[in-house]
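Numbering (our numbering), first residue to last: 1 to 314.
Below is one structure; the comments refer to it alone.
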Amino acid sequence: MSASTGRRVRHLMAISGESIERLRGIVRLASRIEPGDVLSGKTVATVFFEDSTRTKTTFVLAAQNLGARTVDLSTGASSVNKGETMIDTAATLAAMGVDAIVVRARQAGVPGLLARHVPSLAVINAGDGRHAHPTQALGDALTIAQAFDRDDVDLSGLRIAIVGDINASRVARSNIALLTGLGASVVCCGPTTLVSPSLRSLGVDVTHSMDEALDGVNIVMMLRIQFERYASGRGAISSEREYREMFGMTEERSRQLGPGVVVMHPGPTNRGLEIDPAAADGLVPGGARSLIRTQVTNGVRTRMAVLLDCLNPN
Numbered sequence: 001m002s003a004s005t006g007r008r009v010r011h012l013m014a015i016s017g018e019s020i021e022r023l024r025g026i027v028r029l030a031s032r033i034e035p036g037d038v039l040s041g042k043t044v045a046t047v048f049f050e051d052s053t054r055t056k057t058t059f060v061l062a063a064q065n066l067g068a069r070t071v072d073l074s075t076g077a078s079s080v081n082k083g084e085t086m087i088d089t090a091a092t093l094a095a096m097g098v099d100a101i102v103v104r105a106r107q108a109g110v111p112g113l114l115a116r117h118v119p120s121l122a123v124i125n126a127g128d129g130r131h132a133h134p135t136q137a138l139g140d141a142l143t144i145a146q147a148f149d150r151d152d153v154d155l156s157g158l159r160i161a162i163v164g165d166i167n168a169s170r171v172a173r174s175n176i177a178l179l180t181g182l183g184a185s186v187v188c189c190g191p192t193t194l195v196s197p198s199l200r201s202l203g204v205d206v207t208h209s210m211d212e213a214l215d216g217v218n219i220v221m222m223l224r225i226q227f228e229r230y231a232s233g234r235g236a237i238s239s240e241r242e243y244r245e246m247f248g249m250t251e252e253r254s255r256q257l258g259p260g261v262v263v264m265h266p267g268p269t270n271r272g273l274e275i276d277p278a279a280a281d282g283l284v285p286g287g288a289r290s291l292i293r294t295q296v297t298n299g300v301r302t303r304m305a306v307l308l309d310c311l312n313p314n
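Given below as structure tokens:
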């Protein structure tokens with residue numbers, strides 16, 4: 001409860017540090033939540049200091065689906081560009097009567113900073129640097145639970161390969177924490193420049209062989225290379241053609257996996273690099289099923305559940 005307002009709010013900063021009971025509860029809520037007016041009278045602000053299409057749009061739709069008002073504070077219109085601090089911006093929004101702030105920042109730790117300094121706001125992390133993207137992981141867990149009929153959101157016995165630029169991926173970190181917490185086993189795969197052996201400390205297997213990574217898996221989660229986070233830009237890999245051949249979800253690999261395996265991707269996709277267009281769209285005859293569009297649909301449902309959990313915690 002906020003001491004200054006008496007309102008009960010909760011934050012969502014990261015998967016790590018949250019109880020698995022709360023996280024599983026959010027996924028279960030997302031599976032059954034329906035549009036309504038339960039958040040009528042509430043105001044949700046999206047404050048994105050880093051570009052986003054899917055995450056911002058799904059949060060806006062999620063809030064509106066529950067009857068809340070939405071305010072979008074783009075960095076171009078923000079007083080941050082005039083020297084105001086992020087804390088000042090959040091405090092100003094709280095003074096205006098905003099109830100929740102959905103934050104994306106290039107720097108890790110910004111959502112936590114705002115939660116500490118403006119406790120009357122429910123702060124939801126929509127991605128901070130390479131650190132965390134909890135709502136993406138929650139949506140992915142929902143998608144997996146639905147695909148494998150795990151209504152109890154117990155993912156024991158499932159094996160998931162996460163392939164690509166894991167070192168720079170907040171999605172990978174959040175998914176590793178949540179999926180292992182829900183009982184799944186995870187293997188991380190990619191070139192040595194993008195997948196560090198230190199990831200083993202997170203309780204996952206690490207390999208630099210796609211054949212090893214795909215052996216016995218149920219789910220393959222492809223990640224794009226985040227060239228924008230490397231000083232060398234597209235030089236983060238030696239050859240895009242070689243990367244596709246060694247680590248891409250090609251049509252051939254999709255056929256080898258077969259329809260019993262599902263392919264996921266948090267987006268945006270670099271078609272023809274980490275995933276072939278037909279594999280992304282699930283159009284490879286006899287190939288793995290694509291759940292990429294389902295992930296987008298579940299992104300709205302999951303963010304509805306997160307908003308309800310944070311703004312109406314009882």
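Yeah, the Cβ is synthetic: ideal placement off N, Cα and C, and Gly gets one too.
Given the structure is predicted, the values throughout are model-derived calculations rather than measurements.
What separation, rounded to the nearest whole angstrom, lies between the Cα atoms of residue i and residue j?
{"i": "L308", "j": "V123", "result": "13 Å"}
{"i": "I176", "j": "V110", "result": "21 Å"}
{"i": "T192", "j": "V296", "result": "30 Å"}
{"i": "A30", "j": "P259", "result": "26 Å"}
{"i": "I20", "j": "P268", "result": "28 Å"}
{"i": "L223", "j": "P285", "result": "23 Å"}
{"i": "A100", "j": "G25", "result": "20 Å"}
{"i": "A305", "j": "I33", "result": "7 Å"}
{"i": "L61", "j": "V44", "result": "11 Å"}
{"i": "D215", "j": "S209", "result": "10 Å"}
{"i": "R234", "j": "L39", "result": "44 Å"}
{"i": "R28", "j": "P277", "result": "32 Å"}
{"i": "G83", "j": "M96", "result": "Bear in mind that a pLDDT of 44 at G83, under 50, signals an unreliable position, so the number given afterwards is only what the model happens to contain. For G83 and M96, the distance between alpha carbons rounds to 20 Å."}
{"i": "A63", "j": "N312", "result": "13 Å"}
{"i": "P119", "j": "C189", "result": "39 Å"}
{"i": "F247", "j": "S185", "result": "20 Å"}
{"i": "L142", "j": "R106", "result": "26 Å"}
{"i": "S174", "j": "E212", "result": "23 Å"}
{"i": "V171", "j": "H265", "result": "10 Å"}
{"i": "T302", "j": "L179", "result": "16 Å"}
{"i": "R293", "j": "D140", "result": "11 Å"}
{"i": "I359", "j": "Q136", "result": "Residue 359 lies beyond the stretch modelled for the chain, which goes from 1 to 314, so this question has no answer here."}
{"i": "V300", "j": "R54", "result": "9 Å"}
{"i": "R22", "j": "T70", "result": "25 Å"}
The beta strand (DSSP E) spanning residue i covers which residue range?
{"i": "D128", "result": "122–128"}
{"i": "V118", "result": "Careful: V118 lies outside any beta strand (DSSP E) and carries neither H nor E."}
{"i": "A45", "result": "43–48"}
Under 6 Å Cβ to Cβ from residue i, same chain only, skipping five residues before and after it: list those, please.
{"i": "A320", "result": "Summary: the structure shown does not reach residue 320, with the chain confined to residues 1 through 314, and so no result is reported for it."}
{"i": "A14", "result": "A132, P134"}
{"i": "S196", "result": "N167"}
{"i": "D72", "result": "T46"}
{"i": "D165", "result": "L194, L223, I225, Q226"}
{"i": "R104", "result": "F48, E50, S52, A126, G127"}
{"i": "D37", "result": "G67"}
{"i": "R244", "result": "L273"}
{"i": "N65", "result": "P35, M304"}
{"i": "G330", "result": "Residue numbering for the chain in the displayed model covers 1 to 314; residue 330 lies beyond these limits and cannot be assessed."}
{"i": "K56", "result": "T46, F48"}
{"i": "K42", "result": "A68, D99, L311"}
Give me, in chain order, the residues of the same chain whose beta-carbon lies closer than 8 Å to that of residue i; leave out the 5 immediate sequence neighbours on both sides.
{"i": "A279", "result": "M249, T250, E251, R253, S254, V263, G287, A288, S290"}
{"i": "Q256", "result": "L214"}
{"i": "G323", "result": "Residue 323 cannot be examined here, being either before or after the span of the chain that is shown, 1 to 314."}
Per DSSP, which residues does residue i bridge with? Please list them.
{"i": "D51", "result": "Its beta-bridge partners do not exist; DSSP assigns none."}
{"i": "C383", "result": "Here the chain has residues from 1 to 314 only, and residue 383 is not among them."}
{"i": "P290", "result": "Just to set this straight, residue 290 is Ser in the shown sequence, not Pro. Answer is V263, bridged to S290."}
{"i": "I237", "result": "BP columns for I237 are empty, so no partner."}
{"i": "A68", "result": "According to DSSP, which records beta bridges pairwise, A68 is partnered with nothing at all."}
{"i": "V60", "result": "Note: V60 sits in no beta bridge, so no partner."}
{"i": "I275", "result": "M249, R271"}
{"i": "V102", "result": "T46, I124"}
{"i": "L73", "result": "V47"}
{"i": "L12", "result": "I124"}
Can you tell me where the alpha helix (DSSP H) with residue i in it begins and where it stops?
{"i": "M221", "result": "It is not in any alpha helix (DSSP H) - M221 instead sits in the beta strand (DSSP E) that spans 219–222."}
{"i": "T180", "result": "170–181"}
{"i": "E21", "result": "20–32"}
{"i": "D88", "result": "86–95"}
{"i": "I144", "result": "134–147"}
Run the proximity test for residue i: is its beta-carbon closer than 7 Å to any non-hydrogen atom belonging to the ligand GTP?
{"i": "R229", "result": "This structure lacks the ligand GTP, and indeed carries no ligand of any kind."}
Comparing the C-beta of residue i with each C-beta of chain D, is any distance below 8 Å?
{"i": "D140", "result": "Any reference to chain D falls outside this structure, which holds one protein chain only."}
Which same chain residues end up closer than 7 Å to residue i when comparing Cβ atoms and leaving out the 5 residues on each side of it in sequence?
{"i": "C310", "result": "V9, R10, H11, L12, A100, A122, I124"}
{"i": "R200", "result": "V206"}
{"i": "E240", "result": "L273"}
{"i": "I275", "result": "M222, G248, M249, H265, T269"}
**Study point:** Inter-stretch contact (C-beta, 8 Å, three-pair minimum) for the segment 213–223 and the segment 146–161
**Key:** yes
### Message
With three or more beta-carbon pairs closer than 8 Å as the criterion, would you say the segment 151–163 touches the segment 45–57?
### Response
no
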